[in-house]
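Per the UniProt record's numbering, the sequence shown starts with residue 1, numbered consecutively.
Each residue gets a CB set at the ideal place from its N, CA and C atoms; glycine is no exception.
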Amino acid sequence: MNLGRMLSQVAARWPDRAAVTWGDCTVTWSGLDRRSDALAAALRRLGAGPGDRIALLMRNRPELLEAMYAAFKAGMVVVPLNSKLPAAEVAYHLEDSGAAALVTDEAGAAEVGDPGVPLIVTGEGYERLVAEYADIAQEIVDVRVDTVAWLFYTSGTTGRPKGAMLTHGGLAFVVGSWLADLTPMDEGDVTLHAAPLSHGAGFHALAAVARGAHQVIPTGEQFDPPTVLALMREQRVTNTWMVPTQITMLSDHLSGALPNLPDLRHMVYGGAPFPPAELAAALRTFGPVLVQLYGQGESPMTMTWLPAADHPDPDGADTALLRSAGRPRPGMDVRIVEPETGAALETDEVGEIAVSGPAVMAGYWNRPEETAKALRDGWLHTGDLGSIDSHGWLFLLDRSKDMIITGGSNVYAIEVERALLEHAGVADVAVIGTPDRTWGETVTAVVVAHPGGADSRELTAHAKLLLAPYKVPRRFEFVDAIPRNAYGKIDKRSLRERFDPAVPCPQAAGGYPSEIADGSDLYMRIRER
1 MNLGRMLSQV AARWPDRAAV TWGDCTVTWS GLDRRSDALA AALRRLGAGP GDRIALLMRN
61 RPELLEAMYA AFKAGMVVVP LNSKLPAAEV AYHLEDSGAA ALVTDEAGAA EVGDPGVPLI
121 VTGEGYERLV AEYADIAQEI VDVRVDTVAW LFYTSGTTGR PKGAMLTHGG LAFVVGSWLA
181 DLTPMDEGDV TLHAAPLSHG AGFHALAAVA RGAHQVIPTG EQFDPPTVLA LMREQRVTNT
241 WMVPTQITML SDHLSGALPN LPDLRHMVYG GAPFPPAELA AALRTFGPVL VQLYGQGESP
301 MTMTWLPAAD HPDPDGADTA LLRSAGRPRP GMDVRIVEPE TGAALETDEV GEIAVSGPAV
361 MAGYWNRPEE TAKALRDGWL HTGDLGSIDS HGWLFLLDRS KDMIITGGSN VYAIEVERAL
421 LEHAGVADVA VIGTPDRTWG ETVTAVVVAH PGGADSRELT AHAKLLLAPY KVPRRFEFVD
481 AIPRNAYGKI DKRSLRERFD PAVPCPQAAG GYPSEIADGS DLYMRIRER
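See the structure below:
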């Protein structure tokens, strides 16, 4: 089934109900359906056809959903991009995906300039285009369950993003799974999209569309707690998906006061670590509405979950589950394996997390070798470390590939390292993530400077020229030498321990078996793959 048909079905059932509200603008379901049809026709006139990739680069707004469903209906493949990407990174994604067109907002157009592909920009020109093609009849393209619908760009072992191919069938499973347990919804529900629709919130939107829930999008470029809380009260929001950073910001803003959100039933979080102390504070603030999910771009939003009922009392005697990622989602299998052989490990043994089920990607776009490494014998090897206890609870230990998650955004250490090494004053550098109360992790650069070389202010200015703002290190540490192992690889584990000595080892926190604290080579094998 074509995912675009879900929008048309909802529009036929509830044509005049509110579909999306953004500031003073509200689009009905019939309006959203017609506008996506018109944009699909415009994309066809530009020469795009079934299977072609359509890149989307914009902040959260109704046109992003219109473009997404236009592409689905036309049998095209959406390539949602982080709106904060600089022009060079946008160019990489356009080239790698072979995009046939780019749909963006005014800010994105100003950033990318001439993208080298047909460009559609929100505003007056976009509205003229929609009006021009509004009366052209459109047929929804028939697709198979294994037809690719979405290229979700994720990290590579070298730090170069790869496009995970998500199919219509896989995403239809994601929708059904979401509605089955994470946020059961109907046409009376109201969904808030505060996190980027180009990432996890986009999958939440698919579920909301399928069930006809009213979707509310905050205006403004930044996440502003008082504005978001006021909007949630005004629109009587019943469910939302946020990264932990956003929930912590809301909790901190309330400072112990009741949130006054009587309609809120589900506050789903994921996409980044949630420090147990901050999760406990959020539970005290919002009560039993928090729902955790664990997934990755290769198996979006579907691997494990910790329902509201399984979150422990933050002031109770046993708070161990505050550190757990929960149990497998319905229809998905999760196990711990030896990373080299794929052999299943026993209870409480630490290894690589592997997942199998309908939501798993079809592979990486134009990356057959990396696909073969990730997909083996029907299992997706995630590159994440963890263990499963005797009750079936999954505990995450670390992420591989040196990826840092700050404020819900992925940062690849090697990319930041390369940028800093372009500065003449830098002799050597290693980039790590260190725990941060607000952002989950802070991008920290450990630098060996040439004599008379750069200081942190110079390096910050240099990095801002080459990297998206969220990738620029917030912390610099200057050392005489970068530690390396016998194979010449940077020993990032020792750097993490050195620059965050206050953080206890997992065993001391009650979370993981003792062999991890003892320096198991399994840890290094997975991180260095």
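- With respect to the C-alpha of A67, the residue from G98, R13, E127 and C25 having the closest C-alpha is E127.
- By the C-beta density criterion, H450 is exposed, having fewer than 16 other C-beta atoms within 10 angstroms.
- Nearest neighbour of E340 by Cα position, chosen from P225, R13, D377 and R498, turns out to be D377.
- Taken in chain order, the whole alpha helix (DSSP H) runs of length 4 or more contained in the region 364 to 399 are 368 to 374.
- In the displayed model, V334 falls within a strand according to three-state DSSP.
- The C-alpha of D135 is placed about 40 Å away from the C-alpha of Q296.
- Beta-bridge pairing by DSSP links Y153 to G163.
- When beta bridges are read from the DSSP output, G287 appears opposite no residue.
- For E63, the secondary structure class from DSSP, reduced to helix, strand or coil, is helix.
- Judged by DSSP secondary structure, Q9 falls within the alpha helix (DSSP H) whose first and last residues are G4 to R13.
- By the C-beta density criterion, P368 is exposed, having fewer than 16 other C-beta atoms within 10 angstroms.
- In this structure, L64 sits away from V209, with a CB-CB distance that is not shorter than 8 Å.
- Taking C-alpha positions only, M76 is separated from G342 by approximately 35 Å.
- The straight-line gap separating the alpha-carbon atoms of I353 and D436 is approximately 25 Å.
- Of Y153, T240, A419 and S356, the smallest CA-CA separation from V90 is found for Y153.
- Around the CB of A99, 16 or more other CB atoms lie within 10 Å, so the residue is classed as buried.
- Between N2 and I140, the gap from beta carbon to beta carbon is short of 8 Å.
- In summary, Q222 is exposed, with fewer than 16 beta-carbon neighbours lying within 10 Å of its beta-carbon over all protein chains present.
- Only residues of its own chain outside the window of five on either side were considered, and among them G270, M303, T304, W305, A325, G326, L394 and L396 have a CB closer than 8 Å to the CB of Y294, listed in chain order.
- Annotation: the continuous alpha helix (DSSP H) that includes L206 extends over G200 to R211.
- Of the residues G220, L345, F478 and V174, the one whose Cα lies closest to the Cα of G23 is G220.
- If you draw a 10 Å sphere on the C-beta of R13, you find fewer than 16 other C-beta atoms in it, and that means exposed.
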